[in-house]
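Quick note: to get this note's numbering, add 106 to the position in the sequence shown (first position is 1).
In this text, a Cβ means the ideal position worked out from N, Cα and C, and glycines have one as well.
Structure first, commentary second.
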Amino acid sequence: MRKRKSALSTTNTTERSSARYVGLVAIVALLFSIILPPFVGHASLLAAIQPSISRLLLGISSSEYPDVITLLSSIGFLLLIVGFLIGIVSFGFRYGVRKARFGMLVCAAGLLLITVTLFDYGGDFVSRIFAVTQVGVWPSLEFYGTGFFISWFAVVAGLIATSQVFVFRRKQPQLAQQPVVTQPFRSQVLEGILPTGYAALDNLLYGGLPVGSSIVLTGPPCDEKNLIVRRFVETNLVSNHRCIYISTSIDRIRDLLSKHGKDLHVIICNPQSDTIAAAYPEVAKLKTVDNLTEINLEYDKATAKFGPGRSTVVCLEILDDVLLDHHGATRRWLMDILGRSKTNQMTCLATLNPAMHPAEESQAVFETFDGHIDLFEAEVQVRPKLIRVKKLGGRKFLDKELLVEREKI
107 MRKRKSALST TNTTERSSAR YVGLVAIVAL LFSIILPPFV GHASLLAAIQ
157 PSISRLLLGI SSSEYPDVIT LLSSIGFLLL IVGFLIGIVS FGFRYGVRKA
207 RFGMLVCAAG LLLITVTLFD YGGDFVSRIF AVTQVGVWPS LEFYGTGFFI
257 SWFAVVAGLI ATSQVFVFRR KQPQLAQQPV VTQPFRSQVL EGILPTGYAA
307 LDNLLYGGLP VGSSIVLTGP PCDEKNLIVR RFVETNLVSN HRCIYISTSI
357 DRIRDLLSKH GKDLHVIICN PQSDTIAAAY PEVAKLKTVD NLTEINLEYD
407 KATAKFGPGR STVVCLEILD DVLLDHHGAT RRWLMDILGR SKTNQMTCLA
457 TLNPAMHPAE ESQAVFETFD GHIDLFEAEV QVRPKLIRVK KLGGRKFLDK
507 ELLVEREKI
């Protein structure tokens, strides 16, 4: 399949590269200021701070409290080194602009402490600062000289590289005109496709989810993910399909129970299930997800209740809880549930927050599903939500990022 990047993805890549290159230059300049070449001698920060560090170590070894200036300059230099290491790792190995900015902020904090110590020179402060500009005259070891100025230049450049300056021209992705998807989606059903109810996402999926497939929707807890799940359930109920909804909460589908109770089988796994679903005697109420056999039995009841005929969708919103409680056993349970769903030509949509689990456990879960749709935040200041289809059980789909607009779900 030919891969295409969205406008937002391309713009972000260019901006991140610009920030990285400027940041690397800033880091090199900072290193230069700390260990200036021998021809400028004691003008380096390392040479300037060395007496303070020596006095600090001597004070510690002799159990004497060091003077404030010595303590501040030593702590400042330590922060400068820590920030430098964070910055060089973040910029050099592409660990993210936010981590690099944190490193630059640590450097700035260190330099501020060092700057405070300059005021110890009182009336001689100004003359010492401008002494560095005189030809052939270099400050004494008590003053920070050339290295001090270069350090500030490097840190400011690093902060600019990781700030809004490099993102103010960010363009929103130019999305192609999305087709208007209307209910009840009879044509998609005849083609073996069930709509998600979100027209833009259906466009990426070439119409919707394949009948009988299992899809996992990953991403952090957010309104957009909840809305996608809600629209999937609602759209298919309105289209005269049936739904098995397994969750820890009933809030998102209360109104659907009133309108489509006969075609909606709800299983709630929550210690307060008797309370939160007291008004709905038809809802199956389980206390926890500890007993997977109980969940299987309720699932079998729902399957038997609906029987063959109309299309059925399954919404599985307890995957995070099951994985937290059962770890490796979750994969076997999922394979059983999803296998029975596929046998009965049921289309399953499950949700998962990978950040809650070890990477290997999340990956094992991904592999049990036919398809994977990822909802994530863009690496920009405003942090909009993006969605991308990663796999679809061997079927064709658009390999591009889609800007999620909440009001259009």
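Margin query: Helix, strand or coil for arginine 512? Go by DSSP, reduced to three states.
Written below: helix
Notebook entry, point to check: Does DSSP classify arginine 275 as helix, strand or coil?
Noted result: Residue confidence for arginine 275 is low, a pLDDT of 42 falling below 50, so the modelled location carries little weight and cannot support an answer.
Notebook entry, point to check: What three-state label does DSSP hand arginine 395 in the structure shown?
Noted result: Residue identity differs from the one stated: residue 395 is valine in this sequence, not arginine. Three-state DSSP puts valine 395 in coil, outside helix and strand.
Next item on the list: Taking phenylalanine 472 as part of the alpha helix (DSSP H), name the residues at either end of that continuous run.
Entry: 465 to 472
Next item on the list: Below 8 Å CB to CB, which residues in the same chain sit around threonine 474 once its five sequence neighbours on both sides are set aside?
Entry: Ser320, Arg437, Leu440, Met441, Leu444
Margin query: Less than 8 Å between the C-beta atoms of isoleucine 479 and leucine 333, yes or no?
Written below: no
Notebook entry, point to check: By a C-beta neighbour count over all protein chains shown, 10 Å radius and 16 as the cutoff for buried, is histidine 463 buried or exposed?
Noted result: buried
Item checked: Where the alpha helix (DSSP H) containing glutamate 340 begins and where it ends -> 329 to 344
Notebook entry, point to check: Is histidine 432 helix, strand or coil when you go by DSSP?
Noted result: helix
Check: Helix, strand or coil: which one does DSSP assign to leucine 504?
Finding: coil
Next item on the list: State the DSSP-derived secondary structure class of valine 495, mapped to helix, strand or coil.
Entry: strand
Margin query: Please report the straight-line C-alpha distance between valine 261 and alanine 214, rounded to a whole angstrom.
Written below: 6 Å
Checklist line | Boundaries (first-last residue) of the alpha helix (DSSP H) holding isoleucine 382 | finding: 379 to 382
Note to self: Could you tell me the alpha carbon to alpha carbon distance between glycine 303 and valine 195, rounded to whole angstroms?
What the structure shows: 44 Å
Item checked: Straight-line gap, isoleucine 493 to cysteine 375 (C-alpha atoms, nearest Å) -> 28 Å
Check: What are the boundary residues of the alpha helix (DSSP H) that includes arginine 360?
Finding: 360 to 366
Check: Secondary structure at alanine 260, three-state DSSP: helix, strand or coil?
Finding: helix
Note to self: With distance defined between alpha-carbon atoms, name the residue in Leu370, Leu218, Gly434, Met452 nearest to glutamine 469.
What the structure shows: Gly434
Note to self: By alpha-carbon positions, which one of Leu184, Ile181, Gly193 ends up nearest to valine 131?
What the structure shows: Gly193
Checklist line | Candidates Ala305, Gly209, Pro316: closest to glutamate 297 by CA position | finding: Pro316
Check: When the Cα atoms are used, what is the spatial distance from aspartate 361 to proline 326?
Finding: 25 Å
Check: DSSP state of tyrosine 312, grouped into three classes?
Finding: coil
Notebook entry, point to check: Under a three-way DSSP split, which group does serine 319 fall into?
Noted result: coil
Next item on the list: Spatial neighbours of leucine 521 within its chain, please: CB distance less than 8 Å, with the 5 preceding and 5 following residues excluded, ordered by chain position.
Entry: Since the first residue of the chain shown is 107 and the last is 515, residue 521 is not available in this structure.
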